[in-house]
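Below: one structure, written as C-alpha cells.
In full-length UniProt numbering, the protein residues as written are 1 to 735.
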C-alpha cells in the first residue's frame with residue numbers, strides 16, 4: 001500500500017501541511033472529509049456490542065456504504081475515518097471493498113483510518129484531529145450513519161464565498177427543509193430549534209427542545225437580534241452535514257468540555273460569538289434526502305424511505321454493492337437472484353436477499369429480509385427486519401421487530417412489537433418475546449451469558465439484555481425517548497403537543513418584550529425576543545442533577561459514605577446549582593430508594609423479599625425517614641404526598657427490567673405501607689394517589705399498581721371503622 005493512499009493508525013506527520021509558500025493554498029483546493037464512525041451518543045444496543053453501527057445493514061447494505069457514496073458524489077478527494085469501538089471490523093470491511101485505496105474503482109485519492117483509543121466523545125475525536133494538523137482547508141464533517149443524496153455544490157460555493165469575504169465565517173450547516181408537520185425523518189423526541197438571520201443566512205442561536213422539559217422557554221440574548229431580522233425554525237432536518245474550516249477544530253480544542261456537535265459545540269460557539277468572533281451560517285435546501293440513522297427509530301424510518309424510493313439513487317434496484325442483483329417484482333417487492341418463494345405465500349412492500357427461502361402459506365409485509373434466510377411455512381413477518389443467515393421456523397410470528405444475523409426462531413415463537421433479538425440468539429418452540437424486550441448472547445460488559453429459559457424458551461440460547469445505563473437515566477432525560485424501536489409517550493403522561501416551541505406572553509418576564517410570532521416565524525418586532533425551551537447551557541440540567549443526586553443518595557444508603565445530614569446539604573446545593581425543580585427532586589429521591597431496594601432483592605448472597613427490602617431501605621440508616629419527608633415529599637401536604645407516591649410508582653416501573661413485574665408491584669405496596677407506618681405518607685395521600693389517573697395508565701404502570709389494592713382496601717376499611725367509632729362516641733355523648 002502506498003503512503004499517499006492510506007495509512008492505518010494514522011501517523012499525523014504524513015498529513016501535515018507543508019511550510020513551503022503556496023502549499024496551504026494548494027491544499028485548500030483539495031476537498032477533504034472526516035467521517036465519525038464511532039457510535040458515541042447513539043443507542044444501538046445490544047447490536048453494537050458485536051458489530052459497529054456503521055456496518056449494520058440498512059436495506060441489506062452496510063450503513064457506511066451510503067455515507068461513502070454521498071462523499072464520492074460530492075467530489076470529496078481525501079477521506080479520514082475516525083474509528084473507536086470495533087475499529088478492526090471497520091478497517092477490514094473498507095479495505096476489502098471497492099473503497100479500498102488499492103482498488104481501481106476507489107474515487108478517493110486517499111483514505112486514512114485514525115484510531116483514538118481513549119476517546120470518550122465526538123469532541124475527543126475532533127480535538128485529536130486538530131492536534132494532528134492534517135486538515136489543509138475546507139472539509140466536510142459527517143457521521144458514518146448518513147444517508148443523503150443532496151448535492152453540496154451550491155452549499156460549498158456559498159461557504160467559500162463567505163469565507164473569502166470574511167475569514168471569521170468558519171462553518172456552514174447544511175439543513176433540509178421539512179415543514180412544521182409530521183415528517184418521517186424528523187428525529188423523534190428531540191426537536192432542533194434554530195434562530196437564523198434569513199438575509200445573511202447566519203445561525204444566531206441553537207437549542208434542543210423535547211416533551212420532557214419542565215420549562216418550555218429560554219430567553220435569547222437581546223444583542224444577537226440587534227439590527228437583524230430573525231426566523232425561528234423548528235421545521236428543519238439536521239443530518240449534521242457540516243462544511244468546516246480548520247478554525248472549527250481550533251474552537252473544539254479551546255473548549256475541552258464540548259462533547260456533542262450540536263447541544264455543546266454549536267450552542268456554545270453561538271452563545272459566545274462576541275468572544276470568539278466566529279460566525280456559523282446555514283444552507284437550507286428543499287430538495288433531496290438527508291437523514292442520520294441516529295437510533296433504532298431512525299433506522300426504521302430510513303429503511304422505509306429506502307424501500308419507498310425517497311433516497312434514490314440509493315434504493316434496492318440500484319444495487320449499490322458489487323454482487324447485488326435486486327430487481328423489482330411488482331407489489332413494491334425487490335428481490336435478488338436465487339430467492340425461492342413457495343406457492344400460497346404473500347409478499348409485498350418488502351426486500352428479499354439472495355438465497356432466501358420462504359415457505360408456503362407465509363406472509364411477509366413491509367419487511368426487509370437479508371440473504372440466506374430460511375423462513376418456514378405459515379410464518380407471519382410484518383414491519384420487521386430479518387438480517388442475513390437467520391432461520392424462522394414454521395408458524396412463527398414477528399411483529400415490528402429486528403432479528404439479527406444467525407438468530408433462530410423456533411416453531412410458533414412470537415416476537416412482539418419493538419423487540420430486539422441480537423446475533424445468534426435462539427428461541428425455543430412457542431417462546432413469547434414481550435414487546436420492547438432485548439435478547440442477547442452477551443451482557444452489557446460483553447461477556448457471554450447463561451441461557452434464561454424464561455425469556456428464550458426451553459432449549460434456547462440467550463438472555464434478557466439489561467442495559468444498566470437505562471437505570472442511570474432520569475425520567476426527564478430526552479434520550480430515553482429514543483432508546484427503543486418504537487417511539488412512545490404512553491408511559492409519560494404527556495404528548496408531543498406538550499412541547500411548547502414558542503412561548504406565550506405569560507411565559508415571559510417583565511423585562512422581555514414579547515414572543516416570536518408563530519405565523520411568521522419572525523420576532524413581532526426586531527427588539528422582541530424569541531423563547532425556546534432549555535436553560536442557558538443548552539443542555540437539560542435536571543438530567544445531570546438526577547444522576548449526581550441518585551448516586552450520592554445510593555452511597556449513603558449503601559453505607560459507603562456520608563450520612564443523611566450531610567447528604568441533605570449536598571442535595572440542596574446540587575439542586576441550586578442545577579436549578580432543579582420539585583419534580584426532579586422527588587424523582588431522584590424515589591429512584592435512589594427504589595434502586596437500593598432492588599439491589600437488596602437481587603443480591604446474590606442474601607436476597608430479600610420485597611417487604612423486608614422496603615423496611616431495610618427505609619429504616620436501617622438513621623435519618624432516612626426525615627430525609628424523605630423533608631426532601632422527597634416536601635411540605636407534607638396531600639398533593640405533595642400524591643406526587644411522591646407517583647414518583648415511587650414510576651421508579652418501580654423503571655426497575656421492572658431487573659426483576660419480575662409482580663415483585664416490583666409487591667415492592668411498591670411494601671414501600672407505601674412502610675411510609676404510612678413511618679408517618680411519611682398519610683392515609684389521604686395514599687388514597688389520593690390510588691385515585692389519580694396518572695397511576696392507572698395501561699401497561700406496567702397499571703400492573704405494578706394492582707399489587708397495592710389490598711393496602712388501599714385496608715386503609716379504606718380502617719377509615720370506615722374510624723368513622724363508625726366516631727359516630728358511636730357521638731351517640732354516647734348525646735346520651
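For each residue, glycine too, the CB sits at the ideal point set by N, CA and C.
With DSSP collapsed to three states, give me the class of residue i.
| i | result |
| --- | --- |
| residue 239 | strand |
| residue 715 | helix |
| residue 433 | strand |
| residue 267 | helix |
| residue 641 | helix |
| residue 93 | helix |
| residue 300 | helix |
| residue 421 | strand |
| residue 357 | strand |
| residue 558 | helix |
| residue 276 | helix |
| residue 170 | strand |
| residue 709 | helix |
Between which two residues does the alpha helix (DSSP H) holding residue i run?
| i | result |
| --- | --- |
| residue 159 | 153-165 |
| residue 672 | 661-677 |
| residue 454 | 453-456 |
| residue 597 | 582-601 |
| residue 618 | 610-619 |
| residue 702 | 700-706 |
| residue 250 | 246-254 |
| residue 624 | 624-627 |
| residue 686 | 683-691 |
| residue 125 | 122-132 |
Taking DSSP's pairing of strands, which residues face residue i in a bridge?
| i | result |
| --- | --- |
| residue 448 | 442 |
| residue 736 | As displayed, the chain neither begins before 1 nor continues past 735, which places residue 736 out of reach and without an answer. |
| residue 391 | 374, 408 |
| residue 463 | 440 |
| residue 364 | 347, 381 |
| residue 197 | 202 |
With a 10 Å radius around its C-beta and 16 neighbouring C-beta atoms as the bar for buried, classify residue i as buried or exposed.
| i | result |
| --- | --- |
| residue 23 | Any reading at residue 23 is ruled out, since the residue's pLDDT is 38, under 50, leaving its predicted position unreliable. |
| residue 61 | buried |
| residue 664 | buried |
| residue 274 | exposed |
| residue 159 | buried |
| residue 185 | buried |
| residue 423 | buried |
| residue 714 | exposed |
| residue 606 | exposed |
| residue 128 | buried |
| residue 560 | exposed |
| residue 717 | exposed |
| residue 194 | buried |
| residue 2 | At residue 2, the pLDDT of 33 sits below 50, so the modelled position is not reliable and the matter cannot be decided from this model. |
| residue 701 | buried |
| residue 123 | buried |
| residue 312 | exposed |
| residue 176 | buried |
Less than 7 Å separating the Cβ of residue i from some heavy atom of the ligand ZN?
| i | result |
| --- | --- |
| residue 696 | Inclusion of the ligand ZN in the displayed structure is not the case, the ligand content being empty and no account of it being possible. |
If distances are taken between C-alpha atoms only, which option among the options comes closest to residue i?
| i | options | result |
| --- | --- | --- |
| residue 699 | 640, 684, 673, 661 | 661 |
| residue 707 | 677, 683, 673, 692 | 673 |
| residue 347 | 178, 384, 313, 323 | 384 |
| residue 404 | 37, 55, 32 | 55 |
| residue 592 | 576, 580, 614 | 614 |
| residue 234 | 315, 246, 444, 188 | 188 |
| residue 154 | 30, 285, 617 | 285 |
| residue 418 | 412, 598, 438, 645 | 438 |
| residue 458 | 484, 435, 426, 445 | 426 |
| residue 443 | 466, 340, 432, 421 | 466 |
| residue 110 | 552, 68, 146, 447 | 68 |
| residue 590 | 57, 150, 554, 259 | 554 |
Where do the ends of the beta strand (DSSP E) carrying residue i lie?
| i | result |
| --- | --- |
| residue 221 | Where residue 221 is concerned, there is no enclosing beta strand (DSSP E), given that its DSSP letter is neither H nor E. |
| residue 334 | 333-335 |
| residue 119 | Unbroken run through residue 119: none, as it is neither H nor E. |
| residue 231 | 231-233 |
| residue 139 | 139-143 |
| residue 324 | Segment: none, residue 324 is in no beta strand (DSSP E) and carries neither H nor E. |
| residue 484 | Careful: residue 484 lies outside any beta strand (DSSP E) and carries neither H nor E. |
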